Amino acid sequence: MHERDIDRRTFVRSTGATAGALALAGCAGFGADDSDENGADDSTGDDELPTPAFPEVEDPPDAVYLPTHRESMRVLEPVEAGDYTLAPMLSYPHPFWLVTGSGGEDGVQRVDPEQSGGVHLMFVVWDEETNVVLPVDTGAEIAVSLDGERVGSPQSAWPMISQEMGFHFGDNVPLEEEGTYAIEVEIPPLSVRTTGDLEGRFTESATATFEFEYDREFMLEVTDGVEYLDEAEWGEPGALEPMAHGAHADDEHGDGDGDDGDHDHDGDGHGDEHDHGDHDHHAAIPYSALPPAEAYPGTHLEPVDDSNESSSRDDGGPEADDLPRSGDAAFVATLLESDSRLADGEDYYVLVSPRTPYNRVPLADMSLRAAVERDGETVTDDATLEQTIDGEYDLHYGTSLADVRSGDSVAIQIESPPQVARHQGYETAFLEMPPIELRVP
Amino acid sequence: MTEPPTPRRTAALAVIVACALVGVLLAPVVVTAGDNATTFQFDPHELEAEPGETVTLDLVASTHGGYGGEGIDQLSMDLAYDSDALTVTDVEHGPMLAAENGGADANGSANGDVTNGDDATDGGGSATVDGSVDIDDEHGTVTIEQQREPSSDGAIGTDTAATITLEVAEDAPSTTTLEITDAEATLVTGYPQASLERDATITIGDGGESDADGDDTIPGFTALLAVAAIVAALFWFGRR
Amino acid sequence: MTLPDRSALSRRDYLRSLVAVGGASALAACTSEGDDVEIPSGTDDPDSLPERQHAWNDALTRDDDGNVRPPEHHVLVALSLVDDPTDEARERVEAALQELERAYEWSNEGLLFTLGYTPAYFDRFDGSLPDEVDLPEPRAVIGHVDAFDEFDALLHLASDHSQVVLEAEEGLFGEADEFNGQEIETDLMDVFERVDDHRRTGFVGPGLPAEHTDISGVPDSVPEDAPFFMGFRSGFAESQATEDRVTIEDGPFAGATTQHVESMTIQLRTWLEQDSHYQRVAKMFSPEHADEDLTGDIGEALGGSSGLTDERIEATESDARGGVVGHAQKAARAREDGDPLLLRRDFNTVDGDTPGLHFLSLQAGIEEFVRVREAMEGDDLDAPNANNGIRSYIFPNQRGNYLVPPRSLRALPAAAPDEA
Numbered sequence: 001m002h003e004r005d006i007d008r009r010t011f012v013r014s015t016g017a018t019a020g021a022l023a024l025a026g027c028a029g030f031g032a033d034d035s036d037e038n039g040a041d042d043s044t045g046d047d048e049l050p051t052p053a054f055p056e057v058e059d060p061p062d063a064v065y066l067p068t069h070r071e072s073m074r075v076l077e078p079v080e081a082g083d084y085t086l087a088p089m090l091s092y093p094h095p096f097w098l099v100t101g102s103g104g105e106d107g108v109q110r111v112d113p114e115q116s117g118g119v120h121l122m123f124v125v126w127d128e129e130t131n132v133v134l135p136v137d138t139g140a141e142i143a144v145s146l147d148g149e150r151v152g153s154p155q156s157a158w159p160m161i162s163q164e165m166g167f168h169f170g171d172n173v174p175l176e177e178e179g180t181y182a183i184e185v186e187i188p189p190l191s192v193r194t195t196g197d198l199e200g201r202f203t204e205s206a207t208a209t210f211e212f213e214y215d216r217e218f219m220l221e222v223t224d225g226v227e228y229l230d231e232a233e234w235g236e237p238g239a240l241e242p243m244a245h246g247a248h249a250d251d252e253h254g255d256g257d258g259d260d261g262d263h264d265h266d267g268d269g270h271g272d273e274h275d276h277g278d279h280d281h282h283a284a285i286p287y288s289a290l291p292p293a294e295a296y297p298g299t300h301l302e303p304v305d306d307s308n309e310s311s312s313r314d315d316g317g318p319e320a321d322d323l324p325r326s327g328d329a330a331f332v333a334t335l336l337e338s339d340s341r342l343a344d345g346e347d348y349y350v351l352v353s354p355r356t357p358y359n360r361v362p363l364a365d366m367s368l369r370a371a372v373e374r375d376g377e378t379v380t381d382d383a384t385l386e387q388t389i390d391g392e393y394d395l396h397y398g399t400s401l402a403d404v405r406s407g408d409s410v411a412i413q414i415e416s417p418p419q420v421a422r423h424q425g426y427e428t429a430f431l432e433m434p435p436i437e438l439r440v441p
Numbered sequence: 001m002t003e004p005p006t007p008r009r010t011a012a013l014a015v016i017v018a019c020a021l022v023g024v025l026l027a028p029v030v031v032t033a034g035d036n037a038t039t040f041q042f043d044p045h046e047l048e049a050e051p052g053e054t055v056t057l058d059l060v061a062s063t064h065g066g067y068g069g070e071g072i073d074q075l076s077m078d079l080a081y082d083s084d085a086l087t088v089t090d091v092e093h094g095p096m097l098a099a100e101n102g103g104a105d106a107n108g109s110a111n112g113d114v115t116n117g118d119d120a121t122d123g124g125g126s127a128t129v130d131g132s133v134d135i136d137d138e139h140g141t142v143t144i145e146q147q148r149e150p151s152s153d154g155a156i157g158t159d160t161a162a163t164i165t166l167e168v169a170e171d172a173p174s175t176t177t178l179e180i181t182d183a184e185a186t187l188v189t190g191y192p193q194a195s196l197e198r199d200a201t202i203t204i205g206d207g208g209e210s211d212a213d214g215d216d217t218i219p220g221f222t223a224l225l226a227v228a229a230i231v232a233a234l235f236w237f238g239r240r
Numbered sequence: 001m002t003l004p005d006r007s008a009l010s011r012r013d014y015l016r017s018l019v020a021v022g023g024a025s026a027l028a029a030c031t032s033e034g035d036d037v038e039i040p041s042g043t044d045d046p047d048s049l050p051e052r053q054h055a056w057n058d059a060l061t062r063d064d065d066g067n068v069r070p071p072e073h074h075v076l077v078a079l080s081l082v083d084d085p086t087d088e089a090r091e092r093v094e095a096a097l098q099e100l101e102r103a104y105e106w107s108n109e110g111l112l113f114t115l116g117y118t119p120a121y122f123d124r125f126d127g128s129l130p131d132e133v134d135l136p137e138p139r140a141v142i143g144h145v146d147a148f149d150e151f152d153a154l155l156h157l158a159s160d161h162s163q164v165v166l167e168a169e170e171g172l173f174g175e176a177d178e179f180n181g182q183e184i185e186t187d188l189m190d191v192f193e194r195v196d197d198h199r200r201t202g203f204v205g206p207g208l209p210a211e212h213t214d215i216s217g218v219p220d221s222v223p224e225d226a227p228f229f230m231g232f233r234s235g236f237a238e239s240q241a242t243e244d245r246v247t248i249e250d251g252p253f254a255g256a257t258t259q260h261v262e263s264m265t266i267q268l269r270t271w272l273e274q275d276s277h278y279q280r281v282a283k284m285f286s287p288e289h290a291d292e293d294l295t296g297d298i299g300e301a302l303g304g305s306s307g308l309t310d311e312r313i314e315a316t317e318s319d320a321r322g323g324v325v326g327h328a329q330k331a332a333r334a335r336e337d338g339d340p341l342l343l344r345r346d347f348n349t350v351d352g353d354t355p356g357l358h359f360l361s362l363q364a365g366i367e368e369f370v371r372v373r374e375a376m377e378g379d380d381l382d383a384p385n386a387n388n389g390i391r392s393y394i395f396p397n398q399r400g401n402y403l404v405p406p407r408s409l410r411a412l413p414a415a416a417p418d419e420a
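Residue numbers (my numbering), protein chains in the order written: chain R, 1 to 441; chain V, 1 to 240; chain D, 1 to 420.
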């Protein structure tokens, strides 16, 4: 995004100097997807041009939105490594966005692939016993080799979220030649607090290795399987449905391609070999969806009137509508009694679970604090909510509090938005995140 | 174009030399490509025709090329139509694949450097399009295959890939479509691009009220070409 | 090993490739390239040289900002003893090293070197190292590494001239006849053998990293003038320990220092091609450096200081909670009374045809290195791995600890020299 701004400024600055250049029209042109930036012909736009020459979402909202297309990928057999299970997936190299720090303009960086040759490598890491996807930045290290020879330097995998994949690790990996590649992934011990059935596990690093064929067939498979949404939906609030299914039938925005018959998903010209629906194959791979709000016990904290985004929205899923939001993230916040296994001694436990508004993807690597006030007086100032993965409640941020009671107001301060890279459709959400004001009912 | 349609024939190789304005597009344009994709659409995408009338449509392909600035050197386009309503009488290869790739860096240049690239990577404007066309009027399909010769850096841009001539049947229904059932562009590296296709709708008229205004072109398209030329020229002059 | 293709490389690039390859034929090729260079000769009076082997700073030049400019070319020659040390072997080592000092000026124009010894070397002696010497066996410190330096000694050769480091190495091992035109009388061959697997080479200096973009892991986007691969200056005068600070003051090894060598590969592709300059500055220095644009393109705007105020160092924890924390900022937390503990003499490498860094650090004791390295890693901080300094871009794979004795004890010292 930052990048585009630079280009645009340059473009605009140059425009005045060479008006006479029109004389050169008549030969095949370069992409002009920024053509509206010179202010010339924006008005001819949307209703007449059937499809933009280049598929791109203009000016996406500061919220979760529908991207231009559904990604297509090859899913490999899951691999077990120590306590971890890992499912590799491969697509073609594509842009994503890095987030560093506050989520301000400078901290968000669009990353385009350096070259077209290669793959977008992804893997989901989870615990086979609980089926909990492990959604935090562990610092997984990747080494690539071709026919037993190392290719390039070792690299770290970015933690990422995507609408279809949920939380995963990934990066674009440039590859020069076709062949059988082996990827070695070393996953270090999990440094985050684990509780419940996950407590005491993931303390050893583990190495998983998998192979894939990078050839013409692969390239065809992952590009042919791409499905474009109707362009009227591009950039609209909503999210693609998760790739592996079951849990999200309630997602009205899930299959965005409406009744436009032009997407070549079924049949002719493709045959069966691509099988991009492919649901059976994915059945064993969990999607990183958090439990719905009602699955969390305890006293759910309620939004204080008008303090949150939720009241002004009507485009969320049925559940997300009721939850307080910040930066388009939905927050489940609940107060567990001292008999909860998560609470220390006689304390209460505040559990805060931020998630994407449609697919309930956990928002990891945030920094959250809580403050409690009673009748205008501070009861607890600035309690750090520790990032935790629980065998039942999955990723959340929590802390034990000695003194909380009905009527107290609880402010959740977001010190940093989720420091995870984003696929298209998530890169403008969960960045500027104002505090959330809640009260104990 | 005037010869009578035959149920099945294969057009001879068509060779078109494009881009006489050598050098216009030498300078790099940094674009932040939305997707590594090629779009296929008809110009016009909606038109009206009378029963018995012969009409032509351009099949226009657009691509930014690959992320490393590589262009495309192969196109394949499969069309389908209702052979009771339409007859494809001719397919001419267009110049799209012969377009210059001026070393455009679609990478988005992670350093924000808009002046990188190399202005010496022109192919001399001498690329040509070799192609074949297979019209199966019985089943109502057209298969078009094209290859850029020589491949060199491949083609980047927006231009006509093929011009389709259609004859509307006397007893055609009120609307019919010319559908792109499958289309694919392949980068010079061999990696295909994702494709986004848009069909054309032909409204069969009532014998007199043919629409004479802008409906018969893609309005944005002409503007696109003009702007594209400006963009190219700007960078060209900007580097002097 | 085969020599690099002369026709395919620039002269400077070619010379560096020859250092990396090593051997007599590389030296011959290098010498023929370097005919026009006059190398200043050294001294007949060993006593005129500093007692500390690591006293390099006064023999080096400084840039306009007062930062010491390290020699451009480096070789780390791993050595293994042929037999247990004897007085005769000691004399031979000393004689050979004095020949080097006679042939080459003690400077970046001539040759700077140190000879350090591993804990494994000292294990063979009955006595143990004195309490003043903190030299444990190497351990992983952070994460894990594949290999430890378990050979006996490491000769660090450094010069601005590639043919000097090559000639010195080859001459000491019988593959050259002359040191800078002076006939070689004593070599190290009967005392040491080279451990080729652990031979390491490298370079440091403005523009040198950018000359390695022919290596697959080195993107074209390495900044042209950057002295290090990661694109920024390092070794700011203010963030380097003084030679005094890293010197062991008391005991039989007074005048010595300890040396740690951490070898790592660097993931430059994501660093340079994916992260923005803003993100690189935030991760390398601090988020404030990025917000306020304190560094300039390659750190040149910082002058002689890494720009870390006390407030910035103290803010490390809260910056981490803000999502990103700088490498320099984290490391500076280990300073004592504002003084850095490490004297870095690190340099980049393309050993193994992969971009990397040999992080060579001098400090009074290895424990100080460990403390700084742990602070650099920042496991205690809340920042996610990818934004916790540069830790997700570097992959340490080898470590070694050394004692670099004072010059008077540099030739095969006993663990307890007083008793020897």
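All C-beta atoms in this analysis are idealised placements derived from N, C-alpha and C, irrespective of residue type, glycine included. Values in this document were obtained by computation on a predicted structure and should not be read as measured data.
- CA-to-CA, the gap between L154/D and A330/R works out to about 58 angstroms.
- At least 8 angstroms separates the CB of G326/D from every CB of chain R.
- Against chain R, a Cβ distance below 7 angstroms from Q193/V picks out T223.
- Contact annotation, G170/R with L121/R: C-beta distance approximately 6 angstroms; criterion of less than 8 angstroms satisfied.
- Not a single C-beta of chain V is nearer than 8 angstroms to the C-beta of E177/R.
- Counted as a single uninterrupted DSSP element, the beta strand (DSSP E) harbouring S156/R occupies residues 149-156.
- Residue environment analysis places G378/D among the buried positions, since at least 16 neighbouring C-beta atoms fall within 10 angstroms of its C-beta.
- Distance from M366/R to Y397/R at the Cβ level is roughly 7 angstroms; contact confirmed, criterion being Cβ atoms closer than 8 angstroms.
- Distance from the CA of D5/D to the CA of R269/D, rounded to the nearest whole angstrom, comes to 26 angstroms.
- For T56/V, the enclosing beta strand (DSSP E) covers residues 54-63.
- Interface flag for A85/V against chain R is unset, since no Cβ pair is found closer than 8 angstroms.
- Per DSSP, reduced to three states, the secondary structure at L79/V is strand.
- Flagged as an interface residue toward chain R: E273/D, by a C-beta distance shorter than 8 angstroms.
- Under the 8 angstroms criterion on CB atoms, E114/R is classed as interfacial with respect to chain V.
- Ranking T242/D, F229/D, E185/D by CA distance to the CA of M264/D puts F229/D first.
- The Cβ of S62/V sits closer than 8 angstroms to at least one Cβ of chain R.
- Within the stretch 72-104 of chain R, the residues whose Cβ lies closer than 9 angstroms to any Cβ of chain V are, in chain order, S72, Y92, P93, H94, P95.
- Within the stretch 156-214 of chain V, the complete beta strand (DSSP E) runs of at least 3 residues fall at 157-168, 175-187, 192-197, 200-204.
- Between the alpha carbons of A386/D and V420/R lies a gap of roughly 9 angstroms.
- Where R90/D is concerned, the enclosing alpha helix (DSSP H) starts and stops at 87-103.
- Per DSSP, the beta bridge partners of I266/D are I394/D.
- A distance below 7 angstroms between beta-carbons, with the five flanking residues on each side excluded, links T299/R to the following residues of its chain, in chain order: T334, L335, V440, P441.
- Annotation for M376/D: the continuous alpha helix (DSSP H) segment containing it runs 366-377.
- Between S80/D and V195/D, the gap from beta carbon to beta carbon is short of 8 angstroms.
- Secondary structure note for M122/R: its beta strand (DSSP E) is the uninterrupted segment 118-127.
- Apart from the 5 residues on each side of it in sequence, A103/D sits with its Cβ closer than 7 angstroms to the Cβ of S41, G42, F179, N180, Q182 in its chain, given in chain order.
- Less than 8 angstroms divides the Cβ of N397/D from the Cβ of V145/D.
- Close partners of G322/D in chain R (Cβ separation under 8 angstroms): G101, S102, S367, E415, S416.
- Taking E178/R as the centre and dropping the five residues before and after it, the same chain places the C-beta of Y214, D215 closer than 6 angstroms to its C-beta, in chain order.
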